[in-house]
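Residue numbers (the numbering used here), protein chains in the order written: chain A, -11 to 351; chain B, -11 to 351; chain C, -11 to 351.
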C-alpha cells in the first residue's frame, strides 16, 4: 500500500527571507460571514453595524468588520506559515487601507521578513508580513506578525503546492480607506453610544464591566469560518496528545483579540468611524472554552485629525476569569507589556495591544 | 490613575414616566442574521421560510421572522432599560405592523409607561413600551414589557449617552402589514404542513411531541446576534458571583420564547400567514444550557377573518425537562397563568403567552 | 379536555411502494445558510468557496455546497420518511445535476422504491429516492437512501398533511450541471491548493492528518438549519429515555459525512470543479458531541474526462477518536465495507462512501 500523510505549515528551516507565499484560500465573504461574526462579538462600532451610518461616511455599504478581516488574513496564512507553529508571538502594524464588502472575494499573501533561530537551537522566530486583498489587488488588511516555530524541515508538504513568488507587498499602506482620506464626512446621527474624543483624556483608565464566557462550539465555528487550519483550535485528540500546552483545545488568539475589543466597544468605540491600526500586540496566556474574558483600556493619546474627528489611541488589554478592576486593586500592572516584565507578570492577562481609532470629536 | 467603570441600564429611581429612550444600537439586518436565527429555531411557518410564499402573499421578499424582530427590539432596549434588571416579568401586546426585510437598518426606542415601587422598598416594576423601526420610521415590532429593577440610582452611566426625548410612540399599531390589511391574497401552494384553521377547535389541547435541548454556545450566539447586553446570559463570572439566581448563565428569555414557539410550529403554524400578536406572556422559571424545552398549545379562539383566512388564538406554554403531556397526566394545570396561582404552581413551566395568528382557513 | 399529540414520520406499514411524498418544507437558501455551513465545515473546494472561481467555470455565482444540498434534501424528507426511523443505513447514487445559488427556494419530494420487512418481523428497511429541486422543477440534488424503521403504523399523523402523489421523479439525472456538460472551462487560477488528478494513483492511500472535534451547539445548529426534525439529534430527554442507542443526543449522520469530507478536502479536493456523485455510503457507528472525527481516502480510479479534467474516485472513510493511520498500523482494514465484514470490523469507523469528483488534471 502506498500511503502518505500530507502536512501543511512550515518548520523553521523551510522559511527563507524574502519569499512570498500566495495562500491557497480564495473566499467570497458574504452577509452570512458577517452575521456569524457579529453573533459572537457584541460590537458597538456603528460603521460596521449600520449600512446607513456607512453610507453617511461615504462608503458604498456596511464594511466587513476589521477584526473579521484580520482574522481572515491571519487564518488564510496558517496553511503556509503557522500550522506547525508553537505559539503566536506578536501583532505588528495592522492596517485597514480599504473597505471590504459582502460579496468581495478575498485572497492573502505573506512575505517572510525575518527568520531568527533561538540560541537553544530547537526553535526560532519567524516574522512575516501578510496582506489580505480583493481580486483587483486592493489590500483590505495588512499586518505583520511573529510566530514561534520548531527547528527543522517539514516532511509531507505536497510538492505542487501554492505558488511562491518574490513579488513585493506594498510596504506602507494607508491607515484610512480612500473615502476617508480627505476631510471626513462625519455621520449626522443624533444619539447612539456615549464616548466622543473630547471625553477621553490621556492617562485615563476604563474598566469594562461586563465579561464574556467563551463557548466551545462558537470558538470552533469562528475558527472554521475564518479558514484557520491549526488543529490546536479544534482537534481534541491532537491537543490531548500533548501538542497543546493546555492539554485541550485552545481558543484561536485572533478571536480572543476580537472578544476583548468587543467587550471594550460600548465604552470606547461607539463613535468610531474607522480603525486606524493596531500595534505591539501579544497574547501572554492562552484561553480555553469556558474561560470568561474581560477588558480594560488606557487612553494613550488623543490627537485632532480634522475639524470633526480625532485620532484616539488606547492600550487595550484582556484578562481571563478575573476582572481587570479587581486585578488593578490587588496591585497588578495591567498596561505594561508582559513580555518585558521581570517580576510582576499578570498570569490572568491574555491579550494586549495598542489600538488607534478615528473618532467623532464631539456629539 | 483616573479610572472609571461605565455601567449601563438603569435602577428604579433613574426611570421617569413619560421619558423616551432612543436606544443606541443601529443595526442592518441581513440574510446572515436570518439564517443564524433559523439555525437555532426549527420553525415551520412558511411566510418566514420561503421567498415564493412571501411573494404570493404580496410581500416584496421573505420577511424577517417576527420572533427575531421581537428579540432585536427587546435586546436593543436592554442597554437603557434592563441591563440592571433582576427579572423580566411580562410581555404585553406585541404587534408586527410592517414587514422588515434583510437589508433594512433597524433602531428602537422605549417609552416609560410606569414605575411602581414594591412595598418592600428595595425594588420595583418598570413598565415600558418599545418600538423597533426602520429608518423611515415604520415600526416593525411594537410591544410592552415589565421588568423587576432594584431601587436606587445607577452610578457610572456615561453622561453623553443616547438621546432622551418626549416624543410619542404611536399607541395603536396595526396587527397586519399594509399588504395584508385589505383582503388577504392566500398563497396557492398545494401541500405543505397540516393544520388549517378548520382543524382547530376552541378548548382543544395539542401536546407538541419533540423537545429541544439548549446548547451553550448557541444561546450565547443568539444573544449577541440580537445585541442583548445583559451579562446574565454570557458572563459566567458575573453569574457565579451571585448575580444569577441559577449561579450560572441563564438563557435569555426571548430565546426561550422563540424555542417554545418553534417547537409548536409544525403542529400549529404550518399554514400561518402572519403573527397578529402576542399578549399576557411571562417566564415563570429560568432556563440554563442543557435544559430541554417542550411546548404545548391550547386553542382559545378561532374567528373568521376574511373569505380565506381566520384568526386563531392559542395559549402557548413551555416546560423544561418534562413533557407537557406527562405533566398534564400527573395533574398539572398547564394553561392557567402561573403568577395568579396560589397552589398548583408548575415548577417546570418556563413560558406562557397568548398567540394570535392569521391562518389559512382550509387547504 | 380534547388533547392530541401529533407525530411525524412513518412506521413500516405506512410506506407503500410507488408513493411520492411532497415534503412540506419550502425554504429559501441564502448567503447566511451557506456561511453557517462553512463555519462548521472547513472545506477547501474552490468552486464552493469563491465566486470568481465559479464565474470562471461558467456558473452565474458561487453554488451552494453539495453537502449542504444533500443535507437539506435528506433533512426535508425526515418529516415524512425517517422521523421514526431507528437508523440510517445507506446513501446510494447521490448526484448534483444543477447548481443552486443563494436566493433559490428549494423543495423536496421522495418516492418509495422498496419496503422490505426483516425476518424478525419487528422492523424493516425502507428504500427511497429523494429529489431536492428549485421551484422551476430543476433538481439540484437527487439521491437514494435506506433507513431501518419499526413495524406497524404510526398513530397521530395529522390527516390533512402534505400532498402525496404518484408523479415520477426523473430516474437518471445528470452528474454535471448544464454549464459543465460540454467541454469544461477550467478556471485559470494559478496557485491554490496542491493535488491535481495527475498526482493521484489508483490504490494510493491518503491519511488526512488533522481531526475535528464536534461541538455540541454546532451540530444542533446545523441540524436545525437543514430542517432535520429527528429528535435523536437535539432532544436530550428523548435520547436519555432510551430512544437513543447512545443514551444521549447523536450527531446527525449527514453532518458526520460533511465533516469527514471537509477533513479530506485540502488533500483531495483543492482542485475539484464539481462533485460528480457519492455512492455506497454508510455510517457503521454513531457520533456524539465531543468525539473527534478523522478521515482517510483511497484512490479507486482516475479517468480522463476532457482535455483539462479527470474524474477521480476516492473511497472516503471517517473514524472517531483514533487516527486512521494509527488504526491501519494496528492492522485495521479501513477501506472495505463494514457491513459485509464477518470479522475485522473497525469499531472506530463512523463513515464510508465512494466519492467521484471532476478535477483539474494538472496545474
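Ideal Cβ placement from N, Cα and C applies to all residues, glycine included. These numbers were taken from a predicted model, which means no experiment stands behind them.
Original post:
So what's residue 186 of chain A in DSSP terms, helix, strand or just coil?
Top reply: In this structure, residue 186 of chain A counts as helix in the three-state DSSP scheme.
Original post:
From the beta carbon of residue 128 of chain B, is the nearest beta carbon of chain A less than 7 Å away?
Top reply: Not one chain A Cβ lies under 7 Å of residue 128 of chain B.
**OP:** Determine whether the Cβ of residue 92 of chain A lies closer than 7 Å to any Cβ atom of chain B.
**Re:** It does not: the Cβ of residue 92 of chain A has no partner Cβ on chain B nearer than 7 Å.
Original post:
So which residues of chain C does residue 124 of chain A contact, with C-beta pairs closer than 7 Å?
Top reply: Those within 7 Å of residue 124 of chain A in chain C number zero; the least Cβ separation is about 11 Å.
Original post:
What in chain C is Cβ-close to residue -10 of chain A, meaning under 8 Å?
Top reply: For residue -10 of chain A, the chain C residues whose Cβ falls inside 8 Å of its Cβ are 189, 191, 192 and 193, in order along the chain.
**OP:** Kindly confirm or deny that the segment 76 to 96 of chain C and the segment 161 to 172 of chain C touch, where touching means at least three C-beta pairs closer than 8 Å.
**Re:** At 8 Å Cβ cutoff, the stretches touch.
Original post:
Going along chain C in order, which residues have a C-beta closer than 7 Å to the C-beta of residue 222 of chain A?
Top reply: Per Cβ cutoff of 7 Å: 200 and 201.
Original post:
Taking all protein chains shown into account, do 16 or more other C-beta atoms lie within 10 angstroms of the C-beta of residue 317 of chain C, making it buried, or fewer, making it exposed?
Top reply: Classification for residue 317 of chain C: exposed.
Original post:
At what residue ranges does the segment 187 to 252 of chain C contain a whole run of the beta strand (DSSP E), taking only runs of 3 or more?
Top reply: Counting only runs of 3 or more, we get 193 to 201.
Original post:
Using Cβ-Cβ distances below 7 Å, what residues of the segment 224 to 242 of chain B are close to chain A?
Top reply: Flagged, chain order: 224, 225, 226 and 237.
Original post:
What three-state label does DSSP hand residue 66 of chain C in the structure shown?
Top reply: Correct three-state label for residue 66 of chain C: helix.
Original post:
Which residues share a DSSP beta bridge with residue 285 of chain B?
Top reply: Partner(s): B:194 and B:304.
**OP:** Would you mind working out which of A:53, A:68, A:80 and A:61 sits nearest residue 266 of chain A, comparing C-alpha positions?
**Re:** Just measuring C-alpha positions, the residue of A:53, A:68, A:80 and A:61 sitting nearest residue 266 of chain A is A:80.
Original post:
Which chain B residues sit within Cβ distance under 7 Å of residue 30 of chain A?
Top reply: Listed along chain B are 212, 215 and 217, each with a C-beta nearer than 7 Å to that of residue 30 of chain A.
Original post:
Is the shortest distance between the beta-carbon of residue 132 of chain A and the beta-carbons of chain B less than 7 Å?
Top reply: It does not: the Cβ of residue 132 of chain A has no partner Cβ on chain B nearer than 7 Å.
Original post:
Does the segment 207 to 215 of chain B come close enough to the segment 283 to 303 of chain A to have 3 or more Cβ pairs within less than 8 Å?
Top reply: The segment 207 to 215 of chain B, when compared against the segment 283 to 303 of chain A, does not touch it at the 8 Å Cβ threshold.
Original post:
In its own chain, which residues sit with a C-beta less than 6 Å from the C-beta of residue 171 of chain B, not counting the 5 before and 5 after it?
Top reply: Around residue 171 of chain B: 294.
Subject >> Counted within 10 angstroms of its Cβ, other Cβ atoms place residue 117 of chain C as buried (16 or more) or exposed >> reply: Counting of Cβ neighbours within 10 angstroms places residue 117 of chain C among the buried residues, the total reaching 16 or more.
Original post:
Going along the segment 39 to 61 of chain A in order, which residues come within less than 7 Å of chain B, judged by CB to CB distance?
Top reply: Listed by position, the residues of the segment 39 to 61 of chain A near chain B (Cβ gap below 7 Å) are 39, 40, 41 and 50.
**OP:** Could you list which residues in chain B have their beta carbon closer than 9 Å to that of residue 209 of chain C, in chain order?
**Re:** Chain B residues near residue 209 of chain C: 24, 27, 28, 203, 205, 206 and 209.
Original post:
Looking only at its own chain, which residues have a Cβ that is under 7 Å from the Cβ of residue 72 of chain A, when we skip the five neighbours before and after it?
Top reply: Same-chain partners within the cutoff: -3, -2, -1, 137, 138 and 142.
**OP:** Under 7 Å Cβ to Cβ from residue 246 of chain A, same chain only, skipping five residues before and after it: list those, please.
**Re:** Beyond the five residues adjoining it in sequence on each side, residue 246 of chain A comes within less than 7 Å, by CB distance, of 29, 55 and 59 in the same chain, given in chain order.
**OP:** Excluding the 5 residues preceding and the 5 following residue 106 of chain B in the sequence, name in chain order all residues of the same chain whose CB lies nearer than 6 Å to its CB.
**Re:** Same-chain partners within the cutoff: 112.
Original post:
Would the segment 302 to 311 of chain B and the segment 221 to 241 of chain A be scored as touching if the rule is three or more Cβ pairs under 8 Å?
Top reply: Output reads no: the segment 221 to 241 of chain A does not touch the segment 302 to 311 of chain B.
Original post:
residue 313 of chain C CB to nearest chain A CB: under 7 Å?
Top reply: Chain A contact via Cβ: present.
Subject >> Residues that residue 19 of chain C contacts on chain F, provided the C-beta gap is smaller than 7 Å >> reply: In summary, chain F is missing from the structure at hand, where the protein chains are A, B and C.
**OP:** Can you give me the Cβ contacts of residue 180 of chain C inside the same chain, cut-off strictly under 8 Å, excluding the 5 residues immediately before and after it?
**Re:** Hits under 8 Å: 34, 258 and 259.
**OP:** Go through its chain and collect everything with a Cβ distance to residue 177 of chain C's Cβ below 6 Å, but skip five positions before and after it.
**Re:** Same-chain partners within the cutoff: there are none.
Original post:
Is there contact here, the segment 181 to 197 of chain A with the segment 183 to 202 of chain C, by at least three beta-carbon pairs under 8 Å?
Top reply: The way I'd put it, the segment 181 to 197 of chain A doesn't touch the segment 183 to 202 of chain C; fewer than three beta-carbon pairs between them come closer than 8 Å.
**OP:** Report yes if the CB atom of residue 356 of chain C is closer than 7 Å to the CB atom of residue 184 of chain C, and no otherwise.
**Re:** Any answer about residue 356 of chain C is impossible in this case: the structure gives chain C only from -11 up to 351.
**OP:** Kindly indicate the opening and closing residues of the alpha helix (DSSP H) around residue 112 of chain B.
**Re:** Residue 112 of chain B -> not in any alpha helix (DSSP H); beta strand (DSSP E) instead, spanning 111 to 122.
**OP:** Go ahead and pull the three-state DSSP assignment for residue 160 of chain B.
**Re:** Residue 160 of chain B falls in the coil class under three-state DSSP.
Original post:
Who are the neighbours of residue 36 of chain C on chain B, taking C-beta pairs under 8 Å?
Top reply: None at all; the shortest Cβ gap to chain B is about 16 Å.
Original post:
Looking at residue 69 of chain C and residue 355 of chain C, is the spacing between their C-beta atoms short of 7 Å?
Top reply: The shown model of chain C, from -11 to 351, leaves out residue 355 of chain C, and the question about it has no answer.
Original post:
From this set, C:78, C:46, C:103 and C:24, which residue's C-alpha is nearest residue 328 of chain C's C-alpha?
Top reply: Of all alpha-carbon atoms in C:78, C:46, C:103 and C:24, the one lying nearest the alpha-carbon of residue 328 of chain C is that of C:78.
**OP:** Report whether the distance from the Cβ of residue 234 of chain C to the nearest heavy atom of the ligand ZN is below 6 Å.
**Re:** In the structure shown, the ligand ZN is absent, as is every other ligand, since no ligand is present at all.
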